[in-house]
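>
2 protein chains.
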Amino acid sequence: MKNTASINGFIKIIVSCILALSSSLSFGNPTTSQWAVFEQSFAAKFEGNPFREGKLKATFSNGDKVLTVDGFYDGGGIFKIRFMPDASGEWSFITESNIPDLDKKTGSFTCVPSAGSVHGMVHVRDTFEFGYSDGTPYYPVGTTCYQWVFQGNPKQTLETLSKNAFNKIRMCVFPKNYDVYINNEPPLYPFEGSKEKGWDFDRFNPAYFKMLEENIGKLMDLGIEADLILFHPYDWGKWGFDKMPQDKRLQYVEYIVARLASYRNVWWSLANEFEYLGFSNGEWEQLFTLIESKDPYHHLRSIHNGEHWYDVLKPYITHLSVQTTDFFDIQDWREKYKKPVIIDECVYEGDIPSDWGNLTAEEMTSRFWQVYCRGGYCTHGETYIDSRNILWWSKGGILRGQSPSRIAFLRKIMEERPISGVVPFHNLWNKEMYLFKPGEYYLYYYGNTQQKLARFKMPGNIKFKFEVIDTWNMTITPVEGTFSGSTEIKMPGRPWMAVRIKSFMTSE
Amino acid sequence: MKNTASINGFIKIIVSCILALSSSLSFGNPTTSQWAVFEQSFAAKFEGNPFREGKLKATFSNGDKVLTVDGFYDGGGIFKIRFMPDASGEWSFITESNIPDLDKKTGSFTCVPSAGSVHGMVHVRDTFEFGYSDGTPYYPVGTTCYQWVFQGNPKQTLETLSKNAFNKIRMCVFPKNYDVYINNEPPLYPFEGSKEKGWDFDRFNPAYFKMLEENIGKLMDLGIEADLILFHPYDWGKWGFDKMPQDKRLQYVEYIVARLASYRNVWWSLANEFEYLGFSNGEWEQLFTLIESKDPYHHLRSIHNGEHWYDVLKPYITHLSVQTTDFFDIQDWREKYKKPVIIDECVYEGDIPSDWGNLTAEEMTSRFWQVYCRGGYCTHGETYIDSRNILWWSKGGILRGQSPSRIAFLRKIMEERPISGVVPFHNLWNKEMYLFKPGEYYLYYYGNTQQKLARFKMPGNIKFKFEVIDTWNMTITPVEGTFSGSTEIKMPGRPWMAVRIKSFMTSE
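Going down the list, the sequences are from chains A and B. Using this note's numbering, the first residue of the first sequence is number 3, and each one after it goes up by one. Using this note's numbering, the first residue of the second sequence is number 3, and each one after it goes up by one.
#1: Using 8 angstroms as the Cβ pair cut-off and three pairs as the minimum, do the stretch 458-471 of chain A and the stretch 481-492 of chain A touch?
#2: What three-state label does DSSP hand B/Asp-524 in the structure shown?
#3: Assuming contact is defined by CB atoms lying nearer than 8 angstroms, are B/Phe-193 and B/Asn-207 in contact in what I supplied?
#4: I'd like the span of the alpha helix (DSSP H) that includes A/Val-268, first residue to last.
#5: Between B/Pro-87 and B/Gln-36, is the Cβ-Cβ spacing less than 8 angstroms?
#6: Along chain A, which residues have their Cβ under 8 angstroms away from the Cβ of B/Arg-205?
#7: Counting only Cβ-Cβ distances shorter than 7 angstroms, please list the residues of the stretch 311-343 of chain A near chain B, keeping chain order.
#8: Considering just the uninterrupted stretch of the alpha helix (DSSP H) at A/Gln-248, what are its terminal residues?
#9: A/Ser-212: which of A/Lys-467, A/Lys-82 and A/Ser-356 sits nearest, CA to CA?
#10: Please go through the stretch 41-121 of chain A and give each complete beta strand (DSSP E) segment of 3 or more residues, from N-terminal end onward.
#11: So, A/Asp-237 versus A/Asp-229, is the Cβ gap smaller than 8 angstroms?
#12: For my contact list, B/Ile-319 and B/Arg-303 are in at a C-beta cut-off of 8 angstroms; report their separation, rounded to the angstrom.
#13: How big is the Cα-Cα spacing for B/Val-425 and A/Gln-325?
#14: Can you list, in chain order, the residues of its chain with a C-beta nearer than 6 angstroms to that of A/Ile-415? Leave out the 5 residues immediately preceding and following it.
#15: Taking only the alpha-carbon atoms, compute the straight-line gap between B/Glu-418 and A/Thr-159 and give it to the nearest angstrom.
#16: Taking contact to mean 3 or more Cβ pairs, one atom from each stretch, closer than 8 angstroms, check whether the stretch 271-279 of chain A and the stretch 303-318 of chain A are in contact.
#17: Once you ignore the five residues that flank A/Leu-221 on each side, which residues in its own chain have a CB closer than 8 angstroms to its CB?
#18: Can you confirm whether the stretch 148-158 of chain B touches the stretch 392-400 of chain B when touching is taken to mean that 3 or more C-beta pairs between the two stretches lie within less than 8 angstroms?
#19: Can you list the beta strand (DSSP E) stretches of 3 or more residues lying completely in the stretch 439-502 of chain B, in chain order?
#20: Assign A/Met-123 to one of three DSSP states: helix, strand, or coil.
#21: Give the straight-line distance between the Cα atoms of A/Trp-431 and B/Phe-330, rounded to the nearest whole angstrom.
#22: So which residues on chain A does B/Gln-453 lean against when the C-beta distance must stay under 7 angstroms?
#23: Assess contact between the stretch 136-155 of chain A and the stretch 394-406 of chain A, defined as three or more Cβ pairs (one per stretch) separated by less than 8 angstroms. Is contact present?
#24: Quick one: is A/Pro-235 near chain B, going by C-beta distance under 8 angstroms?
#25: Assuming A/Ile-354 contacts A/Thr-385 under a Cβ cut-off of 8 angstroms, what Cβ separation, rounded to an integer in Å, is found between them?
#26: Taking just the CA atoms, how far does A/Leu-401 sit from A/Gly-520?
#27: Tell me whether B/Ala-228 sits in a helix, a strand or coil according to DSSP, three-state version.
#28: Mind checking if A/Glu-275 is an interface residue toward chain B, Cβ cutoff 8 angstroms exclusive?
#29: Quick check on B/Phe-152: does DSSP put it in helix, strand or coil?
#30: For B/Ser-1, which residues in the same chain have their Cβ closer than 7 angstroms to its Cβ, ignoring the five residues on either side in sequence?
#31: Can you list, in chain order, the residues of the stretch 71-97 of chain A whose Cβ is nearer than 9 angstroms to any Cβ on chain B?
#32: Taking all protein chains shown into account, decide if A/Leu-315 is buried (16 or more other Cβ within 10 angstroms of its Cβ) or exposed.
#33: In chain B, which residues lie with their C-beta within 9 angstroms of the C-beta of A/Asn-100?
#34: Apart from the five residues on each side of it in sequence, which residues of its chain come closer than 6 angstroms, Cβ to Cβ, to A/His-479?
#35: Between A/Thr-121 and the rest of its own chain, which residues show a CB-CB distance below 6 angstroms, the 5 nearest in sequence each way excluded?
#36: Are the CB atoms of A/Ser-110 and A/Ser-94 nearer to each other than 8 angstroms?
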């Protein structure tokens, strides 16, 4: 299930070294692979603030394909440009800069096809679905570790992720200060300055972003999308990163896009619980549209709600990132917004007092199934009381709950569905939960019910095979025989069951 | 918990006998008790159709109180008037009729105060609550037995009800034809005629309504409200009682109001899943306003939805009778409609295949708690597969499920709350579920969570006692000590828990 292609990271380093050596010279033809990060460094002398005043961009081309990316200052007199080639073949570039040392530099590299396990970036597919650049479906199975990179244990977290089935992780750029659960200092800060003396929002700390990138790269190697939260309100006066004025926010966003857009697994999540940050709608729109203009690859863009919703009809929002515990309206949201729906927060498995962190594993699992069978995707989190306040939800570390294995089981079922044409059942009752592709595939979820029989009205002219799925005990039991038309099958009479139905092609 | 005042039924019979003897004579002063049924019979000869053409009404007065009721033809040459005195003292009446034998007849009776267990009719109290005429609170704890009177076993059903805590029952006037679960013939029919030859909607069968009344009277003796469903769509061509034209519907409603309005425990539920009957909104409104004008006691009036809602803002609707499995909006509905909310159908405990009848007992119980702690009231039903298709939901009989005892436990908790001023918590998240009366009473429900600690921000200047309630195991465990301000209490870390908090008055 995991993409273990750490070769990409390796290639990136090699390419980077070669190009750093070659500096601004056009130097042979290095190689990178499709959807990996190509990086070019340039040494340059610059008076003034290189973050703020040093302008660098590069235009990459490969035949008809032409993309322009911003470069960024990485400290130590080094400017960089990064680029993600989305097609194999020969790529060349030329820079543009207000710094003579960086202007009109050219270079080229050869992009080789990706390894089989690398499928590109995740985009919206078929209005309500996601898929990689090469067309491979991507079914989001998210988890939440807001601060695993800076306030937790990245190594242990990556180790845990490698053993689980999550393929998306919600994580913050800025450190988090939230109750007793997370309030430790990160080893680095994103800006120059200090808590005591104040931050210079005009001077980034490249080491901070390098640490972030390194870990995002490791997620990439594991096949995990980084749903990167650019702003969050959980600072509460501790650092003040939530209090930047709008011009500094724009500058920060521009910097992070320049650094990170070439990581194929990055998603731009503008905020967690956006409304508590107090930005105006116009300010959010400015941030969104800046990203839209600066990110040539069009990574996914979303914004996560607290009590209120952002106007998610806005065209710069690619999908819904919803906090809710009410799943009844998922089908309606699909129809209203014509975008994929991810329930990115619906309370976590755990036992803490907070009302957002004490679901049983059964209920966390059931919420994944409910959301999935209503046509959305769900995100996990874990918040078990810990004497050292290391909760997976904030600091990563280890997973102790019982839902992750069940969620992995569901992911397998997701991946076995038809690639396209699967839709959720929807009527005004909105009571039944099932996905279907008429005549071909049906996946019913029964939640907290205990029927002893299940009845189906199948098309009469097609033979179907039935399977009874125990979503908790993770078993799939085929029902003997094939069925057409009105069908009744025996059920075990206990909660958390599902039924999968597939058309059965005989050789007749 | 039960009102076993069968004395009312007895008094009714005595009064009826005495008055039948006295016929139209003003005869001494018989006695009835407050909120019991006073009945006066009159023999009269009448040419034509006495149901349709015989008009009779009577005006009852007691000091300033004056109420007019319609009489009805009860077969065998007997017309009757029934009256429910809502105040003790001397009542007299005078009739008005187009039949000379029935016109200007007078009579009187003495109304004595009710027994202590009889509190009158149920009305809306404090906008969102219910209470009896004498001010005693009434907290609806409903069940559903659509056809226990005519297609089930009334004796056994009443016996079962007497051993449980339900104080409201949803039941139909007309027989029901629904799948394999209920399709048997009733022993009687409401109209003259037959299935084969057709029904004469102008001629009622008094024996049918007597059987109905007798059983509604027995519910009254048990302290159970009869939420009487006047129309339902589940006939499917078997009898055709759903196909009366509007003028016949109005005639039927007028007849049933004349017969039954004097039963203090009757509620008028215009329909079950009203929209499938296909009446126009204007027709429903005509039926509602007819009842409003003919029922001098103003019994509760509602209408139950299928997929669509009736315009429940209409002033003739006293409370919401909702079918839903989504409880998130209960607080919103209270605020929007300013009426009590009863979730009259939210799937039943059972194990049948239909998606409306297979909840676990845990889930049925939890739904009662969820609805209650959001400021509504809930209704039970039971649908366990039975070899003879005797399901409590349709035919009554015995209860086999595990939720009724838990619902009885909840009723006890309801009855221990402050009489007024208790409201549900409501914010935009709509996630937390609790009722509270600030500074005095709090009832939190935690559903399918497993927190090991619960935290509360209580007022600092009041001492509170805490109790941990296991809604499934039906235990109430006091927490030692009293608490003020920020309070943390230990929880058992398993689902279906509640916490009750009461202010604690010391003698200081």
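Think of the CB as a built atom: it goes at the ideal place given N, C-alpha and C, for glycine as much as any other residue.
On the basis of the data shown:
#1: yes
#2: With chain B running from 3 to 510 in the structure shown, residue 524 of chain B is simply not present.
#3: yes
#4: Looking at the DSSP string, A/Val-268 is not in any alpha helix (DSSP H); the run it does join, the beta strand (DSSP E), is 268-273.
#5: yes
#6: In chain order: nothing, as chain A lies at least about 39 angstroms away.
#7: Thr-327, Asp-328 and Phe-330
#8: 248-262
#9: Before going on, a small fix: residue 212 of chain A reads as Lys here, not Ser. When each option's Cα is compared against that of A/Lys-212, the closest is A/Lys-82.
#10: 58-64, 67-75, 80-85, 91-99 and 108-114
#11: no
#12: 6 angstroms
#13: 26 angstroms
#14: none
#15: 50 angstroms
#16: yes
#17: Leu-160, Leu-163, Ile-171, Glu-227, Ala-228 and Asn-267
#18: yes
#19: 443-447, 455-459, 466-472, 477-480 and 488-492
#20: coil
#21: 15 angstroms
#22: Asp-353, Ile-354, Pro-355 and Asn-360
#23: yes
#24: no
#25: 5 angstroms
#26: Residue 520 of chain A is absent from the model: chain A starts at 3 and stops at 510.
#27: strand
#28: no
#29: coil
#30: Lying before the first or after the last residue shown, residue 1 of chain B is absent from chain B, which here runs from 3 to 510.
#31: none
#32: exposed
#33: Ordered by position in chain B, no residue passes the 9 angstroms Cβ test against A/Asn-100, which lies about 48 angstroms from the chain.
#34: Rather than His, the amino acid found at residue 479 of chain A in this sequence is Thr. Taken in chain order, the residues that qualify are Val-470.
#35: One point to set straight first is that residue 121 of chain A is His, not Thr, in the sequence displayed. Excluding sequence neighbours, A/His-121 sits near Tyr-134, Asp-136 and Thr-138.
#36: yes
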